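Visitor: I'd like to ask some things about the structure below.
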Amino acid sequence: MPLVTNTTKRRLASGQMALGFGVHHLRSVATPVLAAATGHDWMFIDTEHGAFSVQETTQLCIAALPTGVTPIVRVCAGAIDEATRALDNGALGIVVPHVDTAAQAKRIADAFHYPPQGHRSWGGPPAVYGYKPPSTAEAQKAIDAEILTIVMLESPEAIANADAIAAVPGVDVLFIGTSDLTAELGISGQMGHPQVIAAYQAVGEACAKHGKTLGMGGVYDEENASRYVGMGARFILTGADHSYIMAGADNRTAFFNGLPAAPGR
Amino acid sequence: MAIYHNAAKRALADGGLALGFGLHHLRSNAAPMLAKAGGHDHIFIDMEHGAFTMQEATQLCIAALPHGIAPIVRVCAGALDEATRLLDNGALGIVVPHVDTAARAQEVADAFHYPPAGTRSWGGPPAVYGYIAPHVAEAQTAINAEILTLVMIESPEGVANADAIAAVKGVDVLLVGSFDLTSSMGIAGQFKHPRTIEAWQTIADAARKHGKVLGIGGISDDEDCARAIGMGSRFITTGNDHSFMVNGSIAAAKRTREQVASATK
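Order-wise, the sequence lines are chains A and B.
Just so we're aligned, residue 1 is where the first sequence starts under the numbering used here, counting upward by one.
Just so we're aligned, residue 1001 is where the second sequence starts under the numbering used here, counting upward by one.
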C-alpha cells in the first residue's frame, strides 16, 4: 500500500496555506471527518495542554489517515519519546513547543528521522503505510520525507536564534506561539504590538532564507491575522474544538434571546 | 459531500463476492485498515456475541467509512433499537440474527428504511455523508438505497419460511447461521449432513427466486466452502480477529519450534 500523503506538507511546498483544526475536547474518530467537512487540512492534537493519553492521540491519528486530514500532534517540550510513539502510530507531523536554540532544534530533527539522517528507532506496525509497507530501507526514506517537523518559537531568545533554528536540516516549519511570546515579552495578549510584528518579520526572513515555512498560532483577529499572513505565515491554526463550540453556542443563544418575540430575561 | 459507498453492496450488485473481516476482540481504529490490508470489503462487528458497547461499535463504523470498507454490524435478535443507532452513526449494514418468519423480516426492513419504504427516524449528524448531507429528502432516499439489510436464517422454521422471507422488500441478504441451524436440527456442527445440505439448498433457491443474495456462514473447510459457493453464497466472512490471531499464533509457535529443533539437531 502506498504511504499516506501528507496533504499539509504538499500544500506548504507549493506555497499554499494549510489550515489546522485544533483538538482539545474531542476523542471521537468523527473528529478528522469534521475537520475535513469544515475545510481544514490538518488536525492539531494538543497534548501539551489537552489531557490526551497516547492511546487517545494515536486513535485520532489512525482515524485521520484515510480522510486526507493530516494528523499533527503537539507534545510537551520535553516529551520527545511521546512524539516518536505518535509517529509510530499514525502521526504525520509533530509540533514541539518552546524551542529556543538551534541545538534543541537539531535534537528534535534527529529524533524524528531514521538513520542516516537522524536516530529514530524502527518499530511496530507501520500505520502510515496502511500496515503494508515496502522494504524497511525504502519505507524509512519515504517516511523521513513525508513527515512534518514543526518547532515553536515563543520566547525572545528563540526569536533571536530564528536564523540558526531555520538553518537546521529536517526542521520544516517555524511556528510562532504568539500567545506565550507576548507573555514572555511582558505584553501578554497584544497580538499587534510592534515587538510581535518585529518577531514575525525576523522569523519570516529566516524561513525565506532557508526555505522553511512560517507558522502562526494564537492569532485569530482579522487585523493581525491579515498582517502576519501578508508577512508569509502559511501554517495556520484556525482555532480549536473549544473555541468553535463556544462561538457557535454563543451565537445560538444570542439568536434566540434576540428574537423579537422572546420574553425578557 | 457524496454518501460513502457501501463497497459490500456494490460488489454484490455486480455479482461479485463481499468478503468480511469479523471483529470480536479489537477496539482500535486500526481494525478497518487491517481489514483493507487483508483484501476485505467489509468489517463484520459482532455485537450478538462480542462485548462491544454502542460507542465502541460506532467508533469502528465511523473509522471504516473513509477507507471504503463497509461497516456491517450484527446486533442481538431483539435489539432493533441498537441497530438504528448504529445506522445513525456510520453503519452501512445490519445483520439481524434468528429471523424465523416473513413478518419478522418485514419488521426489520421497516425499521431500517426511511419513509415511505419504512419507519426509520431521522436524527443526529449524518456520519455516512461525512457530516455534509444534502437535503433531508434526498439523503433519506440515498441512504435507503445504500444500506444492506441482512437477516439470518438459523432454525427449521426459518428454513420452512425461507421463500416468504426472501420475498420481503428491503431485505438484501439471506445469511445462514450454520452452527445454530444444525444445533436446532439436532445435528450440531454436521455441515456435511444431508439435512444440512438440503436446508442450505432450500434457502439458496429462495434467494435466487427473489433476486436476493445468499450467504452461508459458520463454515471454514474447503469442501463446505466449495459447496456453499456452488449454491451461490456470496456474502462471506473470511474469519475474525480471534480466529486470525489463534491460527496465526499457533502457526508461528509451530514454525519457531521447528526452526529451533532444526538448529539444535
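Think of the CB as a built atom: it goes at the ideal place given N, C-alpha and C, for glycine as much as any other residue.
Fair warning: this is a prediction, and the values are worked out from it, not measured in the lab.
1. Between residue 1076 of chain B and the rest of its own chain, which residues show a CB-CB distance below 8 Å, the 5 nearest in sequence each way excluded?
2. Just to confirm the assignment, what range does the beta strand (DSSP E) spanning residue 1120 of chain B have?
3. So what does DSSP say about residue 1002 of chain B, is it helix, strand or coil?
4. Which residue comes first and which comes last in the alpha helix (DSSP H) that contains residue 1255 of chain B?
5. With a threshold of 8 Å between beta carbons, is residue 132 of chain A in contact with chain B?
6. Give the residues from the stretch 1023 to 1038 of chain B that approach chain A closer than 7 Å (Cβ to any Cβ), ordered along the chain.
7. Rounded to a whole number of angstroms, what is the C-alpha to C-alpha distance between residue 240 of chain A and residue 24 of chain A?
8. Alpha carbon to alpha carbon, how far is residue 127 of chain A from residue 1030 of chain B?
9. Going along chain B in order, which residues have a C-beta closer than 7 Å to the C-beta of residue 1 of chain A?
10. Bridge partners of residue 216 of chain A, per DSSP?
11. For residue 62 of chain A, go through chain B and note every residue whose CB falls closer than 9 Å to its CB, in chain order.
12. Considering only heavy atoms of the ligand COA, does any lie closer than 7 Å to the CB of residue 1099 of chain B?
13. So with CB distances below 8 Å, who are the chain B contacts of residue 34 of chain A?
14. Just by C-beta distance, which residues in the stretch 31 to 60 of chain A are closer than 7 Å to chain B?
15. Buried or exposed: residue 1039 of chain B, going by 16 or more other Cβ atoms within 10 Å of its Cβ?
16. Going by Cα to Cα distance, which pick from A/67, A/22, A/60 and A/34 is closest to residue 49 of chain A?
17. Which residue's Cα is closest to the Cα of residue 1002 of chain B: B/1167, B/1022, B/1139 and B/1228?
18. Give me the Cα-Cα distance between residue 227 of chain A and residue 161 of chain A, rounded to the nearest whole angstrom.
19. Give me the chain A residues within the contact set of residue 1059 of chain B, using Cβ-Cβ distance strictly less than 7 Å, ordered along the chain.
20. One question on the structure: do residue 1117 of chain B and residue 1144 of chain B come within less than 8 Å of each other, judged by their Cβ atoms?
21. Is residue 1124 of chain B helix, strand or coil when you go by DSSP?
22. Per DSSP, which residues does residue 20 of chain A bridge with? Please list them.
23. Given that residue 1067 of chain B touches chain A, what residues does it touch there, using C-beta distances under 8 Å?
24. Using the beta-carbon count (16 or more within 10 Å), is residue 155 of chain A buried or exposed?
25. Please go through the stretch 97 to 137 of chain A and give each complete alpha helix (DSSP H) segment of 4 or more residues, from N-terminal end onward.
26. Do we get a CB-CB distance below 8 Å when we pair residue 127 of chain A with the residues of chain B?
27. Do residue 166 of chain A and residue 212 of chain A count as a contact pair if the criterion is CB distance below 8 Å?
28. Taking 8 Å as the CB-CB limit, is residue 1231 of chain B close to chain A?
29. Taking a Cβ distance cut-off of 8 Å, strictly less, list which residues of the stretch 1111 to 1131 of chain B are near chain A, in chain order.
30. Could you list which residues in chain A have their beta carbon closer than 9 Å to that of residue 1001 of chain B, in chain order?
31. Can you confirm whether the stretch 207 to 224 of chain A touches the stretch 174 to 191 of chain A when touching is taken to mean that 3 or more C-beta pairs between the two stretches lie within less than 8 Å?
32. Consult DSSP for residue 1143 of chain B and reduce its assignment to one of helix, strand or coil.
33. Grab me the residues of residue 1132 of chain B's own chain with a C-beta within less than 7 Å of its C-beta, minus the 5 sequence neighbours each way, in chain order.
34. Please classify residue 1216 of chain B: does DSSP put it in a helix, a strand, or coil?
35. What do you reckon, are the CB atoms on residue 73 of chain A and residue 91 of chain A nearer than 8 Å?
36. What separation, rounded to the nearest whole angstrom, lies between the Cα atoms of residue 1221 of chain B and residue 1197 of chain B?
Guide: The answer reads as follows:
1. Within the same chain, 1047, 1048, 1082 and 1097 come within 8 Å of residue 1076 of chain B by CB-CB distance, once the 5 residues on both sides are set aside.
2. Looking at the DSSP string, residue 1120 of chain B is not in any beta strand (DSSP E), and its letter there is neither H nor E.
3. Residue 1002 of chain B falls in the coil class under three-state DSSP.
4. Element bounds for residue 1255 of chain B: 1241 to 1263.
5. Judged by the 8 Å Cβ criterion, residue 132 of chain A is in contact with chain B.
6. Under the 7 Å Cβ criterion, the stretch 1023 to 1038 of chain B contributes 1028, 1029, 1030, 1033, 1034, 1036 and 1037.
7. One C-alpha to the other measures close to 7 Å.
8. Straight-line Cα distance between these residues: approximately 8 Å.
9. Proximity of chain B to residue 1 of chain A at the Cβ level (cut-off 7 Å) is accounted for by 1037, in chain order.
10. Under DSSP, residue 216 of chain A takes part in a beta bridge, and its partners are A/176 and A/236.
11. The contacting residues are 1028, 1029, 1030, 1033 and 1063.
12. Annotation note on the ligand COA: not contained in the displayed structure, which lists no ligands.
13. What residue 34 of chain A touches in chain B: 1131.
14. Listed by position, the residues of the stretch 31 to 60 of chain A near chain B (Cβ gap below 7 Å) are 33, 34, 36, 37 and 59.
15. Result: exposed.
16. Of the candidates A/67, A/22, A/60 and A/34, the one whose C-alpha sits nearest the C-alpha of residue 49 of chain A is A/22.
17. It is B/1139 whose Cα lies nearest to the Cα of residue 1002 of chain B.
18. Taken atom to atom, the span from the alpha-carbon of residue 227 of chain A to that of residue 161 of chain A is near 23 Å.
19. Residues of chain A with a Cβ closer than 7 Å to the Cβ of residue 1059 of chain B are, in chain order, 28 and 29.
20. Against a cut-off of 8 Å, the Cβ pair of residue 1144 of chain B and residue 1117 of chain B comes out as a contact.
21. Coil at residue 1124 of chain B, not helix or strand.
22. Paired residue(s): A/42 and A/237.
23. Near residue 1067 of chain B (Cβ distances below 8 Å), the residues of chain A are 66.
24. Burial call: buried.
25. List check, alpha helix (DSSP H) in window: 102 to 112.
26. Look at residue 127 of chain A: its C-beta is under 8 Å from a C-beta on chain B.
27. With respect to the 8 Å criterion, residue 212 of chain A and residue 166 of chain A are classified as neighbours on the basis of their beta carbons.
28. The beta-carbon of residue 1231 of chain B is placed no less than 8 Å from the nearest beta-carbon of chain A.
29. Residues 1125, 1127, 1130 and 1131.
30. Ordered by position in chain A, the residues that pass the 9 Å Cβ test against residue 1001 of chain B are 36 and 37.
31. A contact exists between the stretch 174 to 191 of chain A and the stretch 207 to 224 of chain A.
32. Here DSSP, grouped into helix, strand and coil, assigns residue 1143 of chain B to helix.
33. 1001, listed in sequence order.
34. Residue 1216 of chain B falls in the strand class under three-state DSSP.
35. Yes; because the gap between Cβ atoms is below 8 Å, this pair is in contact.
36. Between the alpha carbons of residue 1221 of chain B and residue 1197 of chain B lies a gap of roughly 15 Å.
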